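Residue numbers (my numbering), protein chains in the order written: chain A, 5 to 468; chain B, 12 to 444; chain C, 5 to 392.
Using N, Cα and C, we set each Cβ at its ideal position, and we do this for glycine too.
Fair warning: this is a prediction, and the values are worked out from it, not measured in the lab.
Shown next, in structure tokens, is the structure this report addresses.
Written out as structure tokens, the structure reads:
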């Protein structure tokens with residue numbers, strides 16, 4: 005694999021200070037935000053596209069795997085170097101190259117932190133909607149590679165709805181451009197869409213052109229309480245059917261509410277079956293009208309309480325519970341599997357029921373929350389990985405969770421990606437032909453298999 | 012504290028880390044270095060690897076743990092509640108035990124233990140400082156005549172004058188209240204930087220206390236709070252200093268122990284727990300730790316704010332890390348400022364982000380601490396205010412260095428100085444009526 | 005197989021068999037285009053394959069076969085208070101879903117609702133090898149595996165045949181109003197676009213026809229530039245918007261046109277003989293559109309060719325009309341492409357792919373490599389002289 009000659013070649017490209025091989029570095033770069041770890045052989049930190057291309061050429065010449073990395077906050081093991089090789093940290097490419105206000109296009113390097121883009125776009129009077137909860141840390145490159153989502157996905161869409169152009173370094177070191185900076189639609193196979201969500205297995209993305217939109221004039225937030233989770237889910241369906249597409253529709257089940265209340269102690273309704281956090285945005289007259297109509301629908305569906313925020317502070321307050329979910333979970337148990345099973349929206353109650361059964365079966369807390377508006381749920385299995393028995397049960401519960409998702413006609417991942425974590429189930433969802441097709445297209449782009457090997461369609465463990 | 016026990020405690024903390032990476036957006040070191048191996052997450056990860064036998068406690072690892080300001084922002088923002096501050100402290104201690112600490116630091120910490128010697132050294136330092144440091148024309152400080160990289164002195168760094176007479180040499184040990192009747196006795200723990208470099212802030216503290224009717228005791232036996240030592244991993248020196256302070260403060264009695272430095276206050280209130288675990292001094296410490304108040308807390312709780320007079324200053328405030336996150340004091344100074352007539356106040360962006368001093372950090376990593384400080388000063392200057400007020404003399408020192416280097420006219424004052432000036436104005440206004 | 009009459013196909017298994025047979029016998033198979041004169045290949049027609057498979061009103065989702073016409077799909081949706089946004093104007097109403105996807109999912113309402121391709125949630129494809137696979141799924145958010153839903157549907161890519169499309173529907177808007185105006189100059193047209201761009205919400209669609217194209221496609225001669233646009237949303241919002249429109253019109257001297265305000269039908273433009281219509285080739289930001297049209301006019305005059313431009317001006321999709329046989333346009337198209345690029349725009353590569361021998365470049369090489377795996381004998385829509 006790696007020897008001192010190759011390391012010297014790498015040093016010649018990026019400089020001694022940006023080739024890291026200390027044992028501590030290899031450990032530090034062995035994981036993303038999942039529990040699994042696998043060490044790279046070296047960490048390389050290129051400064052720009054040309055350095056990236058040069059590094060890739062060296063890797064190609066010596067058949068060294070390359071695993072790209074942004075902020076390393078991914079939830080599917082995408083940035084984990086399963087086969088060693090080079091961990092390519094892309095965060096030095098962190099310039100926002102251009103924000104074209106008139107044409108509403110942003111062109112950025114992959115290491116730009118998403119929140120930095122959102123902030124700069126806002127300063128220019130524009131909105132970049134995809135808002136994964138990691139947006140203060142995660143990078144655009146990572147978001148594009150995983151096709152990240154976020155609460156705003158219901159109304160505005162996810163990362164792929166905004167990518168119109170990509171420049172990338174292919175596995176042989178050549179540089180290609182796909183899409184365009186106007187509308188992203190080109191003739192021929194949709195390469196931009198193939199690369200978005202390709203999780204680092206196709207190429208190293210070195211520049212991204214993104215669509216921006218006009219920010220909404222006003223936004224209203226409401227918190228709605230229900231005795232039964234089904235009623236909350238019904239509200240979601242009825243709202244969409246009535247012609248209103250809210251900006252955000254977050255749902256929390258009872259066990260989730262209890263966990264958050266134990267952490268925050270702000271007087272959440274711990275006997276409620278479910279809570280909906282709803283946001284509508286747009287033109288003032290429409291927002292007023294929609295809020296009224298939604299309130300009516302909520303009550304029709306059995307809501308016991310509807311709280312509408314009147315000021316920005318009140319809105320922030322309503323969001324507190326939702327934002328406290330992650331830390332609240334941390335207080336219940338130190339380890340977790342935070343999944344993103346996605347099903348057709350109307351099946352949210354069904355999924356919840358099945359999670360409750362799973363909870364009992366494996367005697368572990370499985371808390372339910374998620375983006376109810378698009379069926380992208382986040383069932384989270386909580387356990388203590390120091391306890392072998394608990395971990396075994398958690399692993400089994402996780403497997404069953406995926407089966408349930410597929411059985412309900414859903415998809416394994418709504419926003420976290422397949423990576424390493426869900427790869428054993430990929431073929432079960434795509435089918436044999438689809439799985440082979442995935443392998444075929446990746447092989448065409450990366451015949452030597454150096455781009456993030458061991459993930460997705462090239463997972464080397466047992467497939468279900 | 013034996014190493015295995017420390018490593019066990021570290022392991023308990025480390026398992027909570029969900030590796031989410033949220034600490035990347037608030038660690039001041041990471042925000043400048045942009046490198047995963049400077050994040051708090053990386054420290055938890057390394058300790059996990061130590062636990063699992065994948066990494067050793069090497070000098071290389073010690074260096075990485077040294078590259079942390081101990082600003083506690085990570086702990087305050089950690090969703091999983093990982094006590095990164097304890098983790099880093101314990102890791103540094105374990106690493107120091109294994110590898111020792113740099114000689115210069117070792118000498119300095121040992122020196123700290125010898126209170127009278129330390130005092131003599133610094134006082135004579137004020138006599139001889141001109142040999143090594145030349146004074147800046149605007150009177151704000153000195154710069155080294157030649158670089159001392161090991162001691163963090165680059166030739167552009169502005170350091171303050173050592174006071175010709177430290178605070179504790181200027182004042183008696185006991186100062187009576189200036190009011191006819193005394194409300195009680197408080198003990199003033201001065202801390203080193205205030206004592207040797209900014210005694211005027213200490214005088215302000217004493218003025219506030221005595222004018223508000225409190226007898227002030229400044230015990231002679233107090234020594235360095237020990238933070239520079241124990242945050243570098245030298246728990247032994249830290250413990251000796253802690254024990255000396257506890258003995259002194261217990262003897263001094265008093266209703267409250269007043270600090271004017273977040274680091275000293277946090278040490279006396281909380282940090283000593285790690286040093287004193289399993290020792291005889293633990294209980295005596297617990298008996299007095301509850302008496303510790305920062306001067307701004309004391310003023311808000313026990314002084315008459317209506318006596319504050321008019322002070323037409325334009326002010327912004329920097330939250331010292333150990334005051335806001337170590338002692339939970341941040342609304343108090345602001346509440347007091349609101350009560351001062353004529354004062355204009357503007358909040359700076361990221362007021363509670365570290366100024367980059369980090370105690371010995373700025374010595375070991377001067378350029379990095381400068382970059383962190385530059386962001387703080389950009390935010391301060393953006394407020395358009397004329398005075399930057401803060402409650403820590405180390406922050407003051409580092410901020411002053413930065414302001415000098417960028418030719419800023421902004422002045423720096425200790426919170427106590429502002430309060431004292433306002434009270435003085437109040438007294439003047441009353442005598443006029 | 006009858007060389008003249010196309011073969012009707014109405015099921016995946018049929019299609020799979022045909023492809024398997026075609027591979028074995030090395031017979032070309034054509035779909036969504038005519039076969040070249042003299043070829044003994046087979047032309048397929050999926051027009052009878054048009055029964056809706058599943059209509060999940062609750063989840064705003066419908067599963068359709070390739071032969072269903074867009075207008076028929078939209079009518080079914082409308083009956084439930086829903087709509088398929090790309091089918092909600094007359095522009096492509098007579099295209100089948102399969103053909104619509106084959107052309108790149110054109111969406112006149114992209115300005116407000118996003119690209120047409122994002123209304124696909126998934127589907128099933130039959131490859132020229134005879135293999136079949138589902139892609140995507142029924143969920144609105146889906147990042148599982150690669151985005152084959154869109155990759156395979158790439159315009160004129162011919163990697164596979166869509167045999168099932170899972171489509172996202174939207175609610176019908178509560179209210180809509182359409183405008184049909186004429187402005188004198190391109191600058192005025194841009195002014196109008198810019199004014200609408202500055203509004204909090206864009207129109208559902210905006211379509212522009214210059215004098216030449218407008219006169220060609222319309223009932224009567226057009227004296228200036230014609231712009232059609234629609235506002236949709238809640239009634240109060242639309243009426244408020246409408247009030248602002250009067251001021252906007254004054255600012256660009258717009259006159260309300262007579263006649264019906266609706267988009268022309270675009271589906272069969274490119275089939276016309278002795279004329280050359282090229283949709284979806286040129287992408288020019290609207291801020292540069294005036295310069296673009298001036299330059300194109302100059303090129304046309306120089307070449308002595310009558311022609312015009314039209315399209316979704318606000319989104320930068322500019323289409324071309326040339327009053328020439330398609331065999332004689334290569335130079336002009338190339339020159340116009342240069343102009344588009346110079347102004348910060350782009351070309352989609354459609355002309356090169358369909359009329360000029362096929363795509364070139366690194367990505368094209370990769371495309372061909374992938375295609376060979378899915379079509380070993382190269383029988384599906386093989387490149388070559390195609391006349392329509």
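Shortest Cα-Cα distance from residue 37 (chain A) to any of A:270, A:49, A:82, A:7 involves A:82. For the pair of segments examined, the region 11 to 30 of chain C was found to touch the region 48 to 57 of chain C: the number of CB pairs separated by less than 8 Å reaches three. The beta carbon of residue 27 (chain A) falls within 8 Å of a beta carbon belonging to chain B, placing the residue at that interface. Between residue 51 (chain A) and chain C, the shortest Cβ-Cβ separation is not below 8 Å.
Taking 8 Å as the threshold, the shortest C-beta distance from residue 358 (chain A) to chain C does not fall below it. Residue pairing by DSSP leaves residue 197 (chain A) without any beta bridge partner. DSSP, read as helix, strand or coil, puts residue 54 (chain C) in coil. From the beta-carbon of residue 31 (chain A), the residues of chain B found nearer than 9 Å are 53, 56, 57, 59, 60, 65, 66. DSSP places residue 112 (chain A) inside the beta strand (DSSP E), whose first and last residues are 109 to 112. Closer than 7 Å at the C-beta level to chain A, one finds no residue of the region 109 to 131 of chain B.
The beta carbon of residue 426 (chain A) sits no closer than 8 Å to any beta carbon of chain B. Looking at the DSSP output, residue 100 (chain B) sits in no beta bridge, so it has no partner there. Put simply, of B:386, B:59, B:343 the residue whose alpha carbon is nearest the alpha carbon of residue 28 (chain B) is B:59. Identification of chain C residues near residue 347 (chain A) by a Cβ-Cβ cut-off of 7 Å yields 143, ordered along the chain.
Using beta-carbon distances, residue 208 (chain A) does not count as an interface residue toward chain C, since no partner is under 8 Å. The three-state reading of DSSP puts residue 211 (chain C) in strand, counting E and B together.
Along the region 193 to 280 of chain C, the alpha helix (DSSP H) occurs as fully enclosed runs of 4 or more residues at 215 to 221, 239 to 255, listed in sequence order.
Only 174, 178, 180, 182, 184, 185, 186, 187, 188, 189, 190, 191, 192, 193, 194, 195 from the region 169 to 196 of chain A bring a Cβ to less than 8 Å from some Cβ of chain C. Under the 8 Å Cβ criterion, the region 223 to 238 of chain B counts as touching the region 190 to 198 of chain B, having at least three qualifying pairs.
From the listed residues C:110, C:209, C:229, the smallest Cα separation to residue 217 (chain C) is found for C:229.
Cβ contact annotation for residue 182 (chain A) (same chain, cutoff 6 Å, sequence separation greater than five): 170, 195, 196, in chain order. The alpha carbon of residue 404 (chain B) has as its nearest neighbour, out of B:428, B:129, B:107, the alpha carbon of B:428. Out of B:213, B:71, B:45, the CA that lies nearest to the CA of residue 110 (chain B) is found in B:71. Around residue 429 (chain A), the same chain offers 406, 416, 468 as residues with beta carbons nearer than 6 Å, after the five sequence neighbours per side are excluded.
For the pair of segments examined, the region 381 to 389 of chain B was found to touch the region 346 to 366 of chain B: the number of CB pairs separated by less than 8 Å reaches three.
Residue 269 (chain C) has a beta carbon lying at 8 Å or more from every beta carbon in chain A. Residue 237 (chain A) counts as buried, since at least 16 other C-beta atoms from the protein chains shown sit within 10 angstroms of its C-beta. Neighbours of residue 419 (chain A) across chain C, judged by C-beta separation under 7 Å: 145, 147. Residue 173 (chain B) has its alpha-carbon roughly 27 Å from the corresponding atom of residue 244 (chain B).
Per DSSP, the beta bridge partners of residue 172 (chain C) are C:65. Here residue 188 (chain B) is actually not in contact with residue 238 (chain B); their C-beta atoms are around 31 Å apart, not less than 8 Å. Within chain A, no residue has its CB atom less than 8 Å from the CB of residue 27 (chain C), the nearest being about 15 Å off. Here residue 335 (chain B) is not near residue 308 (chain B), since their CB atoms are 8 Å or more apart. One finds 174, 178, 180 in chain A with Cβ atoms closer than 8 Å to the Cβ of residue 366 (chain C), taken in chain order.
Close partners of residue 384 (chain A) in chain B (Cβ separation under 7 Å) are lacking, with about 11 Å as the shortest Cβ gap. For residue 267 (chain C), same chain residues with a beta-carbon under 8 Å away, outside a window of 5 residues either side, are 93, 94, 95, 112, 209, 211, 232 in chain order.
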